[in-house]
Every structure is written in C-alpha cells, then in structure tokens.
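Top line first, the protein sequences correspond to chains A and B. UniProt numbering numbers the first residue of the first sequence as 1 and each following residue consecutively. UniProt numbering numbers the first residue of the second sequence as 1 and each following residue consecutively. Since the structure comes first, as structure tokens, the remarks are kept for the end.
2 protein chains.
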Amino acid sequence: MVTLQDVARAAGVSIATASWAVNDNKNVRIPESTRRKVRKVAQELGYRQNAMARSLARGQSDLIGFISDGVATSPFAGQVIQGAQDEAWRNGKILLVVDTNGDAGMERRACSFMLERQVEGIAYSSWVHHAVRPPRDLDKVNSVLVNCFDSEGRFPAVVPDEVQGGRAATDLLLQAGHRRISFVNAVDPSPASQGRLQGYRDALAAAGVAYDPNLVIRCAADQEGGYGVVEQVLASGATAVFCHNDRTAMGLFDALRERGLHVPEDLSVVGFDNQEIISAHLHPALSTVGLPQYDLGVLGIRTLLERGAEEGAEDAEDGEGSALAYKPIRVTCPTVVRRSIRNLAPVSEV
Amino acid sequence: MVTLQDVARAAGVSIATASWAVNDNKNVRIPESTRRKVRKVAQELGYRQNAMARSLARGQSDLIGFISDGVATSPFAGQVIQGAQDEAWRNGKILLVVDTNGDAGMERRACSFMLERQVEGIAYSSWVHHAVRPPRDLDKVNSVLVNCFDSEGRFPAVVPDEVQGGRAATDLLLQAGHRRISFVNAVDPSPASQGRLQGYRDALAAAGVAYDPNLVIRCAADQEGGYGVVEQVLASGATAVFCHNDRTAMGLFDALRERGLHVPEDLSVVGFDNQEIISAHLHPALSTVGLPQYDLGVLGIRTLLERGAEEGAEDAEDGEGSALAYKPIRVTCPTVVRRSIRNLAPVSEV
DNA sequence: GTGAAAGCGCTAACAC
DNA sequence: GTGTTAGCGCTTTCAC
C-alpha cells in the first residue's frame, strides 16, 4: 500500500505539503509547480487516500446510514434509495444501506453498526407509507424519516402527499367529463387509503359534484381485490373508476375483459402508484398517479444534511427541549396520463 | 463522545485491558471479574466503539463493496442485494452499496470510493445476465461478478443456469402431456435467450420429441411482444407455450382473452423470471421458473469471502500468472407451479 | 495478568 | 511557503 508518506518522500516534500497538494487545499499557499509535482508522483505511485485514516483525523466520516425495511421486497424502495444515493453523492457523502426486512432486532443492530461507523446521520425508511416507531438509537444522531413518520413528530419526515394524489387522480376523471366516479379503495385504514379518499372528496367538492358514499367500494389492495369488485363497480352506475392502486386496476381490467367490456369505452380507469411494469403495459395502458419515490429519497437526505448544518450553527439553543414537533414534508405525486380514460366532454380549461 | 480511554479510566484499568475486555479477547487472560466490571462501566457510560479507529489500527475494514447497475430500475436487483447483505452480515461484514445506473463514469468513481474506504472486496452485479467489461480498478481487489461475467474469465462469476431453467420450464409442459410446445423467445441474443432455447431443445430431446424450428417464435421480451405474437402462436398448432419471460406471458394472456380464449383450457402457458407482481396475480396465476436472485447474492459474497481467505493462505502461488480462467458458477432456477398448465395426460413418474 | 507505548495513515495547528 | 509534530481512537507487542 502506498501511503502519503511514500508520496512525500518520492516528491521530496514534507508529508504535510503532500497532504495539502493532494487535497488541493486552498488555505495554504503552495506554488503550483509543487502541487503538480506531488500529484504527478502520487499518480505514478498509484497512491490512493485511506478514507479510514482521513475520517479518523478529521472527525468526519462522510457516511450516511440508510435503513430500509424492504429493498428486496418492494419495487418502490429502489427508487427511494436511488434518490437518496444521488443526493448524498452530490454532497460528497456515501450511503451505508441496510435492509432490515422489517425485523426490529435487525434494525437495532443496523443502528449500532452505523453509529460505530460514525455515520453523520441516519435516514430511516419504510416501503409503505405509515406511522412507525423508529429504534431508540435513532435520536442519538441526526436523522430523518422517509416515506413514514412518527406520531410524536420527534423526527423530520418526508412523505408523499396522498391527499393531493387522490385529488389529482379524481381530477383526471373530472376533467374528462365524468361525474359519476367510483373509488375502489383499500379496506385497511392507512395514510394512503385515508388520504386518497380525502383527495377524492376534495376534488368532487371543488367540481361541485355531490359525494355519494355508495360509490366508494372497498377491497384488498391487489389484483384479486380489483378482480372481485367488478360487479359492484358496474352496479354502481359509475362511468369511471379511481382505483386505490395499479394492482387493483389490473385485476379490474381482467374481470372487465372477461365480461367483454372494454376500457375506456365502457369504463374509464385511473390507478395509483405508477408501477410501470403494470401500468405502462396494461391494455390499454393505465393512467395513474405516481409516488414521488426518487424525490422522497432526495428530500430525505437533503433534510438530513440541512439539519446537520444547522446543528453545527446553533450553539445556544439546546435541541432537547425544542417543543415544536416536526410536521411531515409532503411531496407532490405526479400525474401520468395514458389511454385508460375516455373523454366524455371537450376538455375545458380548469 | 465516550472513548475507550474514558472507560479504562472509569473502570480503573489500563486502556489495553479495557480493549481486551470490551472485545472479549480470549488470547489474553483477564479475570472474569475485571471483564465484567469494564463492560459494565462501558455500558453505563454509553461507550460505543469507533469502527474507523478500529479498522485503521487493525488494517481491516469489514466492508464489502457492492456495485449494481440498477437497484432502482429493476425488480430483480433488490433480491440479489438482500442475499448479498445477509451473507455479508453473517460473516461480520457490511455492504457498501452503490448504484451506478449503468454509467461507466459512475462505476469508476464508485470503485475509487470503495477502494479508498478499504473494502475487502467488490461484488459487481448487473440486473440483466450478460457479459460485461468491469472497470479497471476491479482487479486491484478481491472481486466477484454477480449475474454477469467477463468473457476472459478473469473474475469468478455467479450466474443463473439459463439452460437448466429453460429445460425445467419445458419439462413442466412435457410432464403435463404436451408434445407440441411453442417457445416464444426474445429476439435479441443473450445468455437468457440462448440458454433457455438450449434448455427447451434439451428437454424435447430427452422426451423424444422432435425439435421443430417453426415452433420457435421471436418477439420483444415484454407485454407488447407477447401481445403481438398471439396469432403466430395459435397458427403454430401448439397446445402449450413456453414464454421467454412473465411479461411476455402477460401480454399473451391479454391477447388470448380478447379472442375469448382461456388459459389453460385452450392453451397452457409457462413463463420465466417469476416476477411475482405479474405471475402470481394473472388469471389464472402463471406457472413459471424463478431466477435465483437471492442465491446469486449469497453465493457472490460467499465466493468473494472464500477467495479472500485463500488469498491469505496462498503465500507461494503468485495469483497474477494463474492461467486457469474462472468458469461461471451456475445457480439452479427454481420451478414455480401455478394454474396456467392444463394436464393432457395423467402424470407419469419422471 | 496488566500496563506502557508504538503505531495505523492522515490532518491541522503551530513553528520557522 | 513549508516542515514539524501532536493527535484522531484503537490494537497489539513487549516488558514488568
């Protein structure tokens, strides 16, 4: 292994000068010629910094922990991590990712591991948007919740704006002229099912359409669920359906086709989640509202880093007592228009 | 921050003894009482090892790099990483994951980053099984290729056994009594399309069924591809189809349904990949052959670690010249039986 | 058995 | 401007 010492010796300078030259430290004035020489020698010798030693000396690791409960199981987690990684990288940090698979013991161990590694913060994420009780150790370090939140607001959190998303989905249908719109929601209460319902109601209200509880149908949030509610949907007399997610829509598509019915001629459909593998490839392709996964990752890390910077600044204020609980940052869900909506009316400017 | 020094002082022992007690070092004889006292003090003080300092002193980082070209984009990558992480963890190592998104510059930077971090090895993985040219830096360290390989065999590689998988898929159909079996393959040549075709032919040959090139249909390996070849499939007179992947099968399902045809009554179908979100939820659910993603990850890391151990042992042998190229390790693809196959004959013992 | 002390490779005061 | 040097927190050899 080539050390800085070797480089310094070979370049005929002191180890300090070598360090400055290699790091291109502007605070110290070294002639450009020396800088170049050192760097050339370093290159030739195949010198590579030892980040361990550097971190130890500087008291800064440039590491950020990322705890996820399902990179493996969920098609969503990957995008979140990608966003987080990109944002971290942009700030000269690197992500230490651990997938706990939802296991609490694993979570604790992951935290320890990260803290031992001197991470500068931990992003704790869940693949499904819900309330969580993060491991105790999490408040020992600058941390942030991604796609989840703690009810007490002890941590900053970044989550998708389910209400806005539900409203956007419904608006898509309203704008196409539909007035009798069914909402096939998930049975289980969750930020998603509650928020999207709220959004659905908000959209209807804004459009002056009365809310009819009979149009809200509930089922398991997957293909089988959607497949099973087809009769209810048809019986409701709706001309359009907003499905809780793309999987439900996929099941509904299957059931409709078996009855010889066509989307969007017989029924317009909007999904949620934008699971590309489904939504982009159904026949016809499904209009839907996407989850801002990548952005959640980016904003999570950004929030973490900003808070880290503040912490450095605030000398007086003692964090412990800061009574004001964090309000989750809500991220907009993007609309994705495809072919599953039939236009009943000429598009009006809304 | 509580250091080992603090613990030692508080426990009234030397820093060395404290280190031994904390690490429960068996090579040195310290009375159990002292060990316990030190550990108790450490606990009380909230002491936590500094992995940076430890690594620096021991010259061992316990870090393994994992480069992937698509955690985000692919539903496959997640499982591979999960397997890799589990196996690493089991050996007291932690994974440093970087997603390069297929960008060569990013790959190089990721390598540098990892080498600076003193990783003990790098697993380089691709989400699609294919030949790769890994970044130059990769041979500076113990490394392994996962779900990909280099043509020169310079690195150990772990890949799915496409031939066995293709054979398994075809066997499923043969065992159900089908003799006229179509293979809807991908157009592009790849280890997957070539291997699965080979497996298809092997299975037919073993069953004494003549290979008929007319039964091999080619299309894009996605839903649109499968949707588009329905006429060809029907015209071929096949009673069963082996699709290159689940997405193709999904497209085919849609096209069949639009023609009022049913799976498996009118046509039996087998997919490949076992993309659960599709295969488990089609109507009927799709029989398929899974990719051994988790195992690829596990075996990748295991291979890495084993090679690392060997390296330590082999003093005499100079690795550089070892002419024998690595042969990829082929991992068995598991069969997943669901409802999309019609039994033509009573099951015979095979 | 236990402690003193010499590093691990690098950074950053502080001299000169 | 450049070099000297004291750490960063921990491990481990070598005395006692």
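We treat Cβ as the ideally placed atom computed from N, Cα and C, and that holds for glycine. What you are looking at is a predicted structure, and each value in this text was computed from that prediction instead of being measured.
Listed in chain order, the positions of the stretch 39 to 72 of chain A with a beta carbon within less than 7 Å of a beta carbon of chain B are R48, Q49, N50, A51, M52, A53, S55, L56, S61, V71 and A72. Between the beta-carbon of E224(A) and that of H281(B) there is about 7 Å, and that keeps the pair under the 8 Å contact cut.
In chain order, S55, R117, Q118, V119 and E120 place their CB closer than 7 Å to the CB of S61(A), counting only its own chain and leaving out the 5 sequence neighbours on each side. A157(B) and A21(A) have their C-alpha atoms some 40 Å from each other. Close to chain B, meaning a Cβ-Cβ distance shorter than 8 Å, are the following residues of the stretch 212 to 228 of chain A: D222, Q223, E224 and Y227. In the DSSP annotation of this structure, the continuous segment of the beta strand (DSSP E) that includes N147(B) starts and ends at S143 to F149. Taking a contact as a CB-CB distance under 8 Å, the pair L173(A) and D137(A) does not count as one, their CB atoms being some 46 Å apart. Taking P135(B) as reference, the option from W127(B), H129(B), A123(B) and F76(B) with the minimal CA-CA separation is A123(B). In the DSSP assignment, D99(B) falls within the beta strand (DSSP E) that extends over I94 to D99. The beta carbons of L296(A) and V331(A) sit closer together than 8 Å.
The beta strand (DSSP E) runs of length 3 or more contained entirely in the stretch 246 to 328 of chain B are, from start to end of the chain, 268 to 270. Listed by position along chain A, the residues whose Cβ is nearer than 9 Å to that of I301(B) form an empty set, because the closest Cβ is around 14 Å away. A Cβ-Cβ separation of about 18 Å leaves V241(B) out of contact with Q198(B) under the 8 Å criterion. Assignment of beta-bridge partners to S125(B) by DSSP yields S68(B) and V146(B). Chain-ordered, the chain A residues with CB closer than 8 Å to the CB of H281(B) read D222, Q223, E224, R247, M250 and G251. Membership of A42(A) in the alpha helix (DSSP H) is indicated by the continuous run E32 to L45.
Using a 10 angstroms sphere on the CB of S268(A), the tally of other CB atoms reaches 16 or more, which defines it as buried. Annotation for C111(B): the continuous alpha helix (DSSP H) segment containing it runs A104 to E116. In this structure, D6(A) keeps its C-beta atom at 8 Å or more from the C-beta atom of L63(A). Chain-order list of chain B residues neighbouring A77(A): G78, by C-beta distance under 8 Å. With 16 or more other Cβ atoms inside 10 Å of its own Cβ, Y294(B) counts as buried.
Here R36(A) is exposed: its Cβ has fewer than 16 other Cβ atoms, across all protein chains shown, within 10 Å. Taking a 10 Å sphere around the C-beta of Y211(A), we find fewer than 16 other C-beta atoms and assign the residue as exposed. By the criterion of a C-beta distance shorter than 8 Å, I329(B) is surrounded in its chain by P156, A157, V158, V159, L299 and T303, once the five residues flanking it on both sides are discounted.
Each residue's CA atom was taken as its position, placing D266(A) and T239(A) some 7 Å apart. Each residue's CA atom was taken as its position, placing D139(B) and L252(B) some 44 Å apart. Taking K327(A) as reference, the option from N245(A), Q275(A), R338(A) and D161(A) with the minimal CA-CA separation is D161(A).
The beta carbon of Q79(A) sits closer than 8 Å to the beta carbons of Q293, Y294 and G297 from its chain, once the five residues preceding and following it are set aside; these are given in chain order.
Taking G260(B) as the centre and dropping the five residues before and after it, the same chain places no C-beta closer than 6 Å to its C-beta. Contacts between I122(A) and chain B, judged by CB atoms closer than 9 Å, are missing: the closest CB pair is about 14 Å apart. Judged by their CB atoms, S126(A) and C148(A) are nearer to each other than the 8 Å cut-off. Linking L4(A) to A53(A) through their CA atoms gives a straight-line distance of about 11 Å.
In this chain, R29(A) is not harboured by any beta strand (DSSP E), its DSSP state being neither H nor E. No Cβ of chain B is located within less than 8 Å of the beta carbon of L267(A).
Going by C-alpha positions, H129(A) is about 15 Å away from I67(A). Selection N274(A), D150(A), R179(A) and N91(A) evaluated against A325(A) yields D150(A) as nearest (Cα-Cα).
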